[in-house]
Amino acid sequence: MPPIDKTPPSNMVGFELLYSLQAFDRIPVSEYISKKTGLTVVIAEVEGPVVNGYFCLATEAFDDDGLPHTLEHLIFLGSEKYPYKGVLDLLANRCLASGTNAWTDIDHTCYTMETAGSEGFLALMPIFLEHILYPVLTEEGFITEVYHVTEEGKDAGVVFCEMQGRENSAESRMHLELARQIYPGKCGYSSETGGRTQNLRETTNNTKVREFHKKFYRPENLKLIITGQIKHADVFKALEKLEEKIISKGPREPFDRPWQSPVPPIEGDSKELIIKYPNDEENHGLYAMAWRGPSCVKDLYSVTATILLLKYLTEYSVSPLPKEFVEIEDPYASKVSYNISENSETCIYLLFDDVPVGKLPEIGPKLRTVLKKILDEGDIDMERLYSIINRYTLENLSNLENSPHHTVAFMIIGHMLYGNTKDDLEQRVNPLTDLTKLQKEPKEYWLGILRKYMVENKYIATQMVPSKEEQQKLAKEEKERVEKRIKELGEEGLKKQGEILCNAIEFNERPPPPEMLTSVPIPSIESIKFHNISRFSSAEKNERINLSDTPIFTYFDHLKTNFVYMFALLDTSSVPDELRSYMPLMLESLLELPLERDGKNIPYEEVVAQLNDDTVSSSTSIGVGSYESFSCGSYSNTATMVLQVESSKYEKGLSWLKELLYKTVFTVERLKVIAMKMNNSVSQVKRCGRSVVAYAMRGLRYSEDSNVMKNGIIHQNKFLTEIIEKLDSEAGGKEILEKMETLRRIITDPANFVLYLAGNLDYLNEPGNAIKNILPSEVIVSKKIQRLNVTADYKLLKQDSPLDGCIIGMGCLESSYFYQTINSITSYTDPDFPALMLYLQYIIQAEGPMWKQIRGKGYSYHYRMSTKVNEGLLYLIYGRATNVVGAYKETKDIIQERLESRQWDGTLLDSARSSIIFKIIDEEKTIGSVVSLSVISYFQGVDYQYNRYVSN
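Residue 569 is where the sequence shown starts when you use my numbering, and the numbers rise one by one after that.
Here's what the structure looks like:
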């Protein structure tokens, strides 16, 4: 592939260069505007094998009809040139993408595409933009995609199904009420842009959708953000025909830029609201306190400062608010976090999770007292604050490495909405400049931020109270609504509703001409550039890095990165059954304990502070890649500790691994606090339908003595409750400390310990030598293992199970979740694996059989069929389903039809092959994803490039 010309010309056929600058002083960013149509294009030259498109429009709504969201869904159902549902996604798959996507936010709607390489991107982009600017917006599409009444008298529709699944959750009710209060009156920030279910039933219609499209979906309001390696001239050439079509439509009405009206002030005094939400249990609720913050238009510097102050207050266990509310013997919450809505005038809020219901009224007064005390006493630890600024700087750089496309795109979207000048854009895409200035701000500045935006500012607080009564009330209302509708419509009316739906489905599923689906050629992948990686291990000597004499078996991947990723992989196979239940508590506590260093005891507060100073991130988990509480990642017999550090702190990172694993000190006090935090968080997990049904499936499949079951919600809830009680007695505390030490000794034994490192050897001085000190002197290496010991998860499954299914009632949900598993292949080198991948992709792909028959009919918003080779299981999953039985029947028919007819649509097969190739390439699009892929490949027993071989 010829080199990319990184010098954007000042003028391109019909387009004029507005700005040319560099994001983070390294990624070229150029913004152009069409002199003919007002369309703007921003190209950010992010390195890597994929090209991303973010096609963004500012959208503003003043009611709860959900017009931004409903229009987003309808865009995909066809355009003037391609007036058939499904053409866009099928062509996307041919272009080495995996369908297309979109999101609706409070202030904008963004349509996204991602392709492997630029060839497919350039072919698909004008087709996607044709759909965005010139959609068909048919009544039939509205009926199936937004809302309809079924022949049984029930509400349905894809959008309705989606919103029904989230509308009455504690978080949704809380966020909406806070928005109503923080942004009163006629203000778009207080609307439910997704659509309230009542509005979707009663007031939302296709005429309103068309009017909304006419107002906001116009070239002056459309910004094309393209991230990746692509020639600027090729982009403008690909847009030529679209530009001609825009001009052919004639003059447009004058355009008013959204979000220019002043935001109304908060009405009245500060408020504390009590809001009930439906739930099966009434033990724990949520609490939030919100304030109006600085302006994203006029004062981005203060917005960044406010984020940093909120981080200082909440981010770590030693931060002021966790110390007062969480890290105590009788905690008020399991976690304190912050959020900020970056509107023209921001909304900042503090959130308290898993609050015992009796303590909900106590949070507000205590929080105000704590914040005022910090202000009055000037009690801001500047050394700690500067450390947080430094870590936030590193997190920004890490995001640039691990999520560069999204990182740059979101900055440009923010500028599109609230920026006005090149300087505004420069400030957004180079945040390190402001962070450097903020490092020099004195304590008085930070106290001023605290005073202005929190202590002396009006607040709105919400006590979110779980309620069985509210749950029963909603169920009763739904039952009565359906009964009333059935009575009003009668048999003939219901039959007519069924006919309306059938006619709409028949219209939407009209097959497009075959030549339309093959009008885009499948691109070549030969020119795609991957991130290079060189692999080393203790199994062989190498001049570049010698790992043969390290005390533990070590893997080292060399790649182009500014960081070092460190994984301690700890085999738990030899842990006795009576100790496995302690593993989650031990792993959770290792990062928050005091430790012994040079004969001195370092308090946990100092340990946490120093660890945060020296690392970009730190985490522990059971299995690889697990980020959820009470859930294990793949290869669950391996416990992991992961650190990410700057290259300059390579040796410090290894020292931290050693200290955290071997030198931390278990204490009764810390274990009790951490156990209570974990136990309080159970209630939040129990409200998540997906988590509960996944846990139930694990219970049906896994052996009782496995890490998966010992780390489950119900088991840990009971176990932690018992531990907390035991820790109250001297004898019980002593017993638990002994068991924790025994467990630690087993999993950190050198015979169970493998080290994985990924970094840039060009930045490291004799990296092999530092690994020689990874073990404390008192740890004896009796036998060094020769490679990673892998226990595949399928070996942990039950041989026989007395149950093969269960149904769980959850009153906090208005939609359903479903899991089913069957035995499948257990090796990545199984000759059937590529065929199985293709079969599943054929079935589940966008506009494939399941998409049309399940999502298209409104039975389930999410669906998936996938294989987990490490478990030897094939999964069928529905999420936010309104009709699980209907979805299952359709799935069965789809599978049965393929078995009986043995007929396969050639176009769908090509589409499935191309989308698999994209997914494989997408797994290597960033440094972080390459590291994750490499780690897991050692467990899988295949080369990290194995997926590339599968695609050929």
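Even for Gly, the Cβ is constructed at its ideal location relative to N, Cα and C.
| Is it buried or exposed for methionine 950, if we count other Cβ within 10 angstroms and need 16 for buried? | Numbered from 1 along the sequence shown, position 382 holds the residue referred to as residue 950. With fewer than 16 other Cβ atoms within 10 Å, it is exposed.
| request: With a threshold of 16 other CB atoms inside 10 Å of the CB of tyrosine 1195, please say whether the residue is buried or exposed. | output: Counting from one through the sequence shown, the residue named residue 1195 turns up at place 627. Tyrosine 1195 comes out exposed.
| field | Residue environment, aspartate 573, which counts as buried when at least 16 other CB atoms sit within 10 Å | value | Here residue 573 refers to the residue found at position 5 of the sequence shown. Residue placement at aspartate 573 is poorly supported in this model, since its pLDDT is 49, which falls under 50; the coordinates still yield a value, given next. Aspartate 573 should be labelled exposed.
| Exposed or buried, which one is proline 1034 when buried takes at least 16 other CB atoms within 10 Å? | Looking up residue 1034 in the sequence shown gives position 466. Proline 1034 comes out buried.
| message | If contacts are defined as beta-carbon pairs under 8 Å, then alanine 856 and leucine 918 qualify, I think. What distance do you get, rounded to the angstrom? | response | Within the sequence shown, the letter at position 288 stands for residue 856. Within the sequence shown, the letter at position 350 stands for residue 918. Confirmed, about 7 Å.
| Can you round the beta-carbon distance between glutamate 687 and asparagine 620 to whole angstroms, since I take them to be within the 8 Å contact cut? | The residue you call residue 687 lines up with position 119 of the sequence shown. The residue you call residue 620 lines up with position 52 of the sequence shown. Glutamate 687 to asparagine 620, Cβ: 15 Å. No contact.
| query | Terminal residues of the continuous beta strand (DSSP E) containing isoleucine 1101? | reply | Working through the sequence shown from its first residue, we reach residue 1101 at position 533. Its beta strand (DSSP E) spans residues 1101 to 1105.
| message | Let's see if you can read the secondary structure: which residues bound the alpha helix (DSSP H) around tyrosine 986? | response | Counted from its first residue, the sequence shown places residue 986 at position 418. Where tyrosine 986 is concerned, the enclosing alpha helix (DSSP H) stretches over 972 to 986.
| request: Count the other CB atoms, across all protein chains shown, that sit within 10 Å of the CB of proline 830; report buried if there are 16 or more and exposed otherwise. | output: In the sequence shown, residue 830 corresponds to position 262, counting from 1. Classification of proline 830: exposed, given that the 10 Å Cβ count is below 16.
| task | Within the same chain, show all residues whose beta-carbon is closer than 8 Å to that of leucine 1501, passing over the 5 residues directly before and after it, in chain order. | result | The residue you call residue 1501 lines up with position 933 of the sequence shown. Once the five neighbours on either side are set aside, the close Cβ partners of leucine 1501 are Glu1491, Glu1492, Tyr1512, Asn1515.
| said: Does leucine 1000 pass the burial test, meaning 16 or more other C-beta atoms within 10 Å, or should it be called exposed? | reply: Start at 1 with the first residue of the sequence shown, and residue 1000 comes out as number 432. That one is exposed.
| request: Work out the CA separation of serine 1251 and asparagine 907 for me, nearest whole Å. | output: As a first step, residue 907 is located in the sequence shown; it is residue number 339 there, counting from the start. As a first step, residue 1251 is located in the sequence shown; it is residue number 683 there, counting from the start. Straight-line Cα distance between these residues: approximately 21 Å.
| field | Sequence ranges, alpha helix (DSSP H) only - wholly within the segment 928 to 958, length at least 4 | value | 928 to 945
| Over what stretch of residues does the alpha helix (DSSP H) that includes arginine 1238 continue unbroken? | Working through the sequence shown from its first residue, we reach residue 1238 at position 670. Its alpha helix (DSSP H) spans residues 1236 to 1248.
| Cβ neighbours of glutamate 730 in the same chain (closer than 7 Å, five flanking residues each side left out) | Counting from one through the sequence shown, the residue named residue 730 turns up at place 162. The answer, listed in chain order, is Tyr1429, Arg1448.
| task | Would you check if there are 3 or more beta carbon pairs closer than 8 Å linking the segment 1102 to 1113 to the segment 1121 to 1129? | result | yes
| query | Would you call the CB atoms of isoleucine 1484 and methionine 1433 closer than 7 Å? | reply | Sequence index remark: in the sequence shown, residue 1484 carries index 916 (1-based). Sequence index remark: in the sequence shown, residue 1433 carries index 865 (1-based). No, they are not a contact pair.
| task | Consult DSSP for glutamate 708 and reduce its assignment to one of helix, strand or coil. | result | What you label residue 708 is simply residue 140 of the sequence shown in a count that begins at 1. Looking at glutamate 708 - three-state DSSP - the assignment turns out to be helix.
| message | Using only CA atoms, which one of Leu1364, Glu821, Gly756, Ser816 lies nearest to lysine 782? | response | Reading the sequence shown from its first residue, position 214 is the one you call residue 782. For the residues Leu1364, Glu821, Gly756, Ser816, the minimum Cα distance to lysine 782 belongs to Glu821.
| Who are the Cβ neighbours of aspartate 991 in its own chain at under 6 Å, not counting the five residues just before and after it? | The sequence position of residue 991 within the sequence shown is 423, counting from 1. Taken in chain order, the list of residues that qualify is empty.
| said: Out of Val1437, Leu642, Thr605, which one is the CA nearest neighbour of aspartate 1400? | reply: Your numbering for residue 1400 matches position 832 in the sequence shown. It is Val1437.
| task | Decide yes or no for the touch test of the segment 761 to 768 against the segment 622 to 641: beta carbon pairs closer than 8 Å, at least 3 of them. | result | yes
| query | Should phenylalanine 1198 and isoleucine 1281 be called a contact, given that it needs their Cβ atoms to be closer than 7 Å? | reply | Along the sequence shown, read from residue 1 onward, the residue named residue 1198 stands at position 630. Along the sequence shown, read from residue 1 onward, the residue named residue 1281 stands at position 713. Their beta carbons are under 7 Å apart, which means phenylalanine 1198 touches isoleucine 1281 by this criterion.
| request: Locate the beta strand (DSSP E) running through threonine 1389, then write down its first and last residues. | output: Here residue 1389 is taken as the residue at index 821 of the sequence shown, counted from 1. Start and end: 1384 to 1391.
| field | Spatial distance of threonine 1140 from asparagine 1328 (CA atoms) | value | Locating residue 1140 in the sequence shown gives position 572, counting from the first residue. Locating residue 1328 in the sequence shown gives position 760, counting from the first residue. Approximately 30 Å, taken between the alpha carbons.
| query | How about threonine 627 and threonine 668: do their beta carbons lie closer than 7 Å? | reply | The residue you call residue 627 lines up with position 59 of the sequence shown. The residue you call residue 668 lines up with position 100 of the sequence shown. No, they are not a contact pair.
| message | Distance check for proline 933 and glycine 926, CA to CA, integer angstroms please. | response | If you number the sequence shown from 1, residue 926 lands on position 358. If you number the sequence shown from 1, residue 933 lands on position 365. Each residue's alpha carbon lies about 14 Å from the other.
| request: Could you spell out where the beta strand (DSSP E) holding isoleucine 794 opens and where it closes? | output: Along the sequence shown, one-based indexing puts residue 794 at 226. Per DSSP, isoleucine 794 belongs to the beta strand (DSSP E) from 790 to 795.
| request: Grab the span of the beta strand (DSSP E) containing tryptophan 859 for me, first residue to last. | output: For this step, residue 859 is matched to residue 291 along the sequence shown. Note, tryptophan 859: beta strand (DSSP E), 852 to 863.
| Where does lysine 1420 fall in DSSP's three states? | Here residue 1420 refers to the residue found at position 852 of the sequence shown. Correct three-state label for lysine 1420: helix.
| said: Closest to tyrosine 751 by C-alpha separation, out of Leu1477, Leu1295, Trp827, Glu1164, would be which residue? | reply: In the sequence shown, the residue the question calls residue 751 occupies position 183. It is Trp827.
| query | Mapping DSSP to helix, strand and coil, what is cysteine 1200? | reply | Here residue 1200 corresponds to residue number 632 of the sequence shown, with the count starting at 1. Cysteine 1200: coil per DSSP, three-state reduction.
| query | Which first and last residues belong to the beta strand (DSSP E) in which arginine 1165 is found? | reply | Position 597 of the sequence shown holds residue 1165. Start and end: 1163 to 1165.
| query | Alpha carbon to alpha carbon, how far is proline 1080 from glutamate 708? | reply | Here residue 1080 corresponds to residue number 512 of the sequence shown, with the count starting at 1. Here residue 708 corresponds to residue number 140 of the sequence shown, with the count starting at 1. Using only the alpha carbons, I get a separation of about 16 Å.
| query | Considering only residues of the segment 816 to 904, which uninterrupted alpha helix (DSSP H) runs meet the minimum length of 4 residues and lie entirely inside it, listed in chain order? | reply | 868 to 882, 888 to 893
| request: Could you check the C-alpha separation between tryptophan 859 and asparagine 1110 for me, to the nearest Å? | output: Translated into positions along the sequence shown, residue 859 becomes position 291. Translated into positions along the sequence shown, residue 1110 becomes position 542. Looking at the two C-alpha atoms, the distance is approximately 58 Å.
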